[in-house]
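Accompanying notes for the structure given below.
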Amino acid sequence: MLEFEGKRYLDGRASDPRELGWMRGAPPPKDRRITFESDSYFDFPQNRWSLSHMRELVATVNVWRGQGAPSQFERSDKTADIDALTFADKDGRIRRFDEALFDTYADGIVVLHRGRIVYERYFGALEPHLPHACYSVTKSYAGALTAAFVHEGVLDDSKMIPHYLPELRGTAWQDATLRQVMDMQTGLAHTEEYAPGDRSSDAWTYRIASGRRPRPDSYGGPRTACDYLRTVRKQGTHGEAFAYKSINTDVMAWVMARVTGRSFAQLLHERLWSPLGCEEDGYVIVDPIGLPLAGGGLNATLRDLARFGELIRREGEWNGKQLIPASVVHDIQEGDHPAKLPAIGYSYRSQWWVPHNELGAIEARGLYGQRIYVAPKAEMVIARFASHPLAPARYNDVISVPQMLALGRMLRE
Numbered sequence: 001m002l003e004f005e006g007k008r009y010l011d012g013r014a015s016d017p018r019e020l021g022w023m024r025g026a027p028p029p030k031d032r033r034i035t036f037e038s039d040s041y042f043d044f045p046q047n048r049w050s051l052s053h054m055r056e057l058v059a060t061v062n063v064w065r066g067q068g069a070p071s072q073f074e075r076s077d078k079t080a081d082i083d084a085l086t087f088a089d090k091d092g093r094i095r096r097f098d099e100a101l102f103d104t105y106a107d108g109i110v111v112l113h114r115g116r117i118v119y120e121r122y123f124g125a126l127e128p129h130l131p132h133a134c135y136s137v138t139k140s141y142a143g144a145l146t147a148a149f150v151h152e153g154v155l156d157d158s159k160m161i162p163h164y165l166p167e168l169r170g171t172a173w174q175d176a177t178l179r180q181v182m183d184m185q186t187g188l189a190h191t192e193e194y195a196p197g198d199r200s201s202d203a204w205t206y207r208i209a210s211g212r213r214p215r216p217d218s219y220g221g222p223r224t225a226c227d228y229l230r231t232v233r234k235q236g237t238h239g240e241a242f243a244y245k246s247i248n249t250d251v252m253a254w255v256m257a258r259v260t261g262r263s264f265a266q267l268l269h270e271r272l273w274s275p276l277g278c279e280e281d282g283y284v285i286v287d288p289i290g291l292p293l294a295g296g297g298l299n300a301t302l303r304d305l306a307r308f309g310e311l312i313r314r315e316g317e318w319n320g321k322q323l324i325p326a327s328v329v330h331d332i333q334e335g336d337h338p339a340k341l342p343a344i345g346y347s348y349r350s351q352w353w354v355p356h357n358e359l360g361a362i363e364a365r366g367l368y369g370q371r372i373y374v375a376p377k378a379e380m381v382i383a384r385f386a387s388h389p390l391a392p393a394r395y396n397d398v399i400s401v402p403q404m405l406a407l408g409r410m411l412r413e
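Next up, the structure:
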């Protein structure tokens, strides 16, 4: 058992969905079923199964990998050395790399060094071919695409949002620039909290509107993502402070779709999945009218997640083609602007987190422990999926942040 916020939870081994028998049987026993209607698939330990099976629970749209052969990773196995790596977590406790994976409820991890797979492990419900929920890692895909369109002149990040979306006149985004949305520097009367057991946050209401939670019989609120966005009002001043609100990303993706005529899912296929030679199709959760949810709806396999991380490490180049402008990657890596977060030493740029550490790392981060960790100075990429009992990253970071830094130091030597 492990304890968080004074409550005890099954540990990474005991909560293995195969051991607990979730969704096993024909049909599964009632106490082992995970359904959309129960509104419990976000809960632990059910999430240890559901995060690898989102397509069976909510509406989605496919991200086609294309007709070409998948790109191949060379391998240089370092499993034994990496498993035995020891490091001190943020509380000073000495841990082994392999045991720490269980203590952070990892579902799978792939480590690339100089483009080669040096470490790959899967746990619980996850398999190499199976897409897993990326949650807010999705934002970094959307941010890279938006920044690329700005670089190419398709979008102007100095324009106010209603320039592209007249529907948002009179809302919180009336006088917000696209760049302020990209960097989460908007003042919105919208709460985004994921405290254990508390679903009073506006973020949970948005999930009802966008079809990711069942609607109570008495529900009379917005019934699509766009309808919800039109209800959000301003609170504070845009551009003065960092304020992480996932609805900004859906506004950003809406702008991309309006200008390009291509949905977020189509852009992922055309600009990333197909040219990267992804092994499997991905998919994105959609709202009731089919709008892909860019704030946290992507599901992808672990190796395909690693491909995107490697693309960023290579400054947007893949097999001789520049899929993301190098200047976009450089701008993200700089990351030192007024939205810097002094409490944790990070800054944020184009929907990426920048820790300003010795490895020159940038991170894509999602609820329950999802992560892409790109460390250019170690020539390393880590792609990891997890299903932690608690959603906020801080419960995982006490172990995973020093764990990734220690691995980068080892591979850099």
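The sequence shown begins at 1 in our numbering and counts up by one.
Note that CB positions come from ideal geometry on N, CA and C, so glycine has one too.
{"Item": "Going by DSSP, which residues form a beta bridge with Ala386?", "Value": "Ala106"}
{"Item": "If we call anything under 9 Å between Cβ atoms a contact, is Val58 one with Pro292?", "Value": "no"}
{"Item": "For the beta strand (DSSP E) holding Ser347, just list the boundary residues, first then last.", "Value": "347–349"}
{"Item": "Three or more beta-carbon pairs under 8 Å between the segment 6–14 and the segment 107–114, yes or no?", "Value": "no"}
{"Item": "For His132, is the classification buried or exposed, using 16 other Cβ atoms within 10 angstroms of its Cβ as the cut-off for buried?", "Value": "buried"}
{"Item": "Report the three-state DSSP secondary structure of Tyr219 (helix, strand or coil).", "Value": "coil"}
{"Item": "Using the C-alpha atoms, what's the distance from Gln174 back to Tyr119?", "Value": "47 Å"}
{"Item": "DSSP three-state label for Glu19, please.", "Value": "helix"}
{"Item": "List the whole-angstrom C-beta distance separating Thr301 from His53, where the pair is believed to meet the contact cut-off of C-beta under 8 Å.", "Value": "The pair is not a contact, with the Cβ atoms about 13 Å apart (cut-off 8 Å)."}
{"Item": "Quick check: what's the CA-CA separation for Phe87 versus Ile332?", "Value": "28 Å"}
{"Item": "Count the other CB atoms, across all protein chains shown, that sit within 10 Å of the CB of Ile94; report buried if there are 16 or more and exposed otherwise.", "Value": "exposed"}
{"Item": "Going by C-alpha to C-alpha distance, which of Arg394, Val329, Asp281 sits closest to Ile362?", "Value": "Val329"}
{"Item": "Tell me the DSSP secondary structure of Gly239 in three-state form.", "Value": "coil"}
{"Item": "Answer yes if the segment 368–386 comes into contact with the segment 299–313, meaning at least three C-beta pairs across the two stretches below 8 Å, and no otherwise.", "Value": "yes"}
{"Item": "I need the DSSP call for Tyr9, collapsed to helix, strand or coil.", "Value": "strand"}
{"Item": "So Gly124 and Arg18 are supposed to be a Cβ contact under 8 Å. How far apart are they, rounded?", "Value": "7 Å"}
{"Item": "Do the CB positions of Ser350 and Ala176 come within less than 9 Å of each other?", "Value": "no"}
{"Item": "Scan the segment 17–94 and note each continuous alpha helix (DSSP H) run of 4 residues or more that stays entirely inside, going in chain order.", "Value": "17–20, 47–50, 79–83"}
{"Item": "What do you get for Val251, buried or exposed, if any count of 16 or more other CB atoms within 10 angstroms of its CB means buried?", "Value": "buried"}
{"Item": "I need the boundaries of the alpha helix (DSSP H) containing Leu405, first residue and last residue.", "Value": "394–412"}
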